[in-house]
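The sequence shown begins at 8 in my numbering and counts up one residue at a time.
A quick write-up on the structure given underneath.
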Amino acid sequence: MEHLSTAAAERLTLGLTLGLVALAALAPATHLPAHYHHFADQRALGGLPFAMDVLTNLPFALAGAWGLAWLRRATGLAQPQRMLAALFFVGLALTALCSGIYHLHPENAGLALDRAGMAVAFAGVVGLAAADRVSGRAGLALAALLLALGPLAAVWDWRTGNMTPWAVLQAGGALLLALLALRRPHSPFSPFSPDAKAHAGALGFSTLGVLSIYALAKALEMGDHAVFHALHGVISGHSLKHVAAAAAAWPVLAALKRLHGRSLTH
């Protein structure tokens, strides 16, 4: 993908995205595991039910607020990247709210709300990666599609019991991030950029960094009960998953901080 022209990279991104949409629509139905809502840490705190799973959503809100603050200070960022970064950080704040509501009383309707919040952040970060490594219009188009289909997939699972579209959305978004990592970021602040002047305005964050931390979060989620028992009931895998998933914002935050620092020295 590295040596493709911008137009060819746009066509490839569009083709892969449409293929994933077709897969989500045509693949056999899958269902939520029977005991999905039975999380390991059932403890309440001061009347707050499932306290750790609720409170560990706060890092999402902090990352979102921090990112929006840095974004206001950043100069030299192209408008598509600015819009998509804002979408990502707003999505993190929504994730904190929606996931917190879900964990107060875990059930299917709340899970749809939780996923709808996540979908906003997901659309922002995948679109931002495409804007940086393909083109601004590719990033905006991809984010718009994910922003429309993500909440729809979440509600579809709630209303029909078919989790396949949501699973394809998650896995497909991660696949797109991995493929975009094969294309160097078009950033004047990236050590990989061969022509800083030609690509001024991009952010140049590490998609592999985001993916690596996200993979850790998924592993912690899958090991919810095992982690809880291994840590002698101190904290569960699902609670740690929230913290790790919020930390996946760090590569974007670090790139914004670097951009702000460079703008102060020029």
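Where is the CB? At the ideal position from N, CA and C, for every residue including glycine.
| Check | Outcome |
| --- | --- |
| Contacts around residue 158, its chain only, beta-carbon distance under 7 Å, and the 5 residues preceding and following it disregarded | 123, 126 |
| Residue 55 in three-state terms, based on DSSP | strand |
| Start-end ranges of the alpha helix (DSSP H) lying completely within the region 47-114, minimum 4 residues | 58-62, 65-80, 86-111 |
| Contact check, residue 176 vs residue 217, beta carbons under 9 Å | no |
| Residue 219, DSSP secondary structure in three states | helix |
| For residue 181, the first and last residue of its enclosing alpha helix (DSSP H) | 171-187 |
| Residues near residue 30 in its chain [Cβ-Cβ closer than 8 Å; skip 5 each side] | 175, 179 |
| Backbone secondary structure at residue 256 - three-state DSSP | coil |
| Burial state of residue 35, where buried means 16 or more other Cβ atoms lie within 10 Å | exposed |
| Enclosing alpha helix (DSSP H) for residue 157 [first to last residue] | 143-167 |
| Nearest to residue 140 (by Cα), restricted to the options 260, 192, 59 | 192 |
| Reduced DSSP secondary structure (H/G/I, E/B, other) of residue 122 | helix |
| Beta-carbon proximity of residue 239 to residue 60, cut-off 9 Å | no |
| Where residue 249 falls: helix, strand or coil (DSSP) | helix |
| Euclidean distance between Cα positions of residue 68 and residue 234 | 24 Å |
| At least 3 beta-carbon pairs within less than 8 Å: the region 79-91 vs the region 100-110 | no |
| The region 218-232 in contact with the region 160-172 per 3-pair CB rule at 8 Å | no |
| Closest by C-alpha distance to residue 212, when choosing among 131, 230, 108, 237 | 131 |
| Cβ pair count under 8 Å reaching 3, the region 43-63 against the region 86-100 | no |
| Extent of the continuous alpha helix (DSSP H) run through residue 235 | 231-237 |
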